[in-house]
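Residue numbers (this note's numbering): 836 to 905.
This is the structure:
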């Protein structure tokens, strides 16, 4: 799986209807605008996300890996 930065993931999630509900330190909590039960925790660091972390974020958001890397 290609690596990507938290900034790119944040931009992608916002395009899918997520918004930042709060931030605690270096982690953002995002909720989906139409389905408030979807919650994603996004670590905001200045380095690429590890593959396991990226998989976890996509699983929380209910998004397929193929959809991200179109």
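Every residue, glycine too, gets a C-beta built ideally from N, C-alpha and C.
Is the segment 889-902 touching the segment 848-860, taking contact as three or more C-beta pairs under 8 Å? Cβ pair count under 8 Å is three or more, so yes.
Looking at C-alpha atoms only, which residue of 878, 903 and 883 is the closest neighbour of residue 860? Locating residue 860 in the chain shown gives position 25, counting from the first residue. Out of 878, 903 and 883, 878 has the C-alpha closest to the C-alpha of residue 860.
8 Å contact criterion, which residue 903 and residue 847 should meet: CB distance rounded: Residue numbering aside, residue 903 sits at position 68 when the chain shown is read from its first letter. Residue numbering aside, residue 847 sits at position 12 when the chain shown is read from its first letter. Right, their Cβ atoms sit about 6 Å apart.
My guess is that residue 876 and residue 864 are in contact by the Cβ rule of under 8 Å, so how many angstroms apart are they, rounded? Position 41 of the chain shown holds residue 876. Position 29 of the chain shown holds residue 864. That pair is a contact at about 6 Å.
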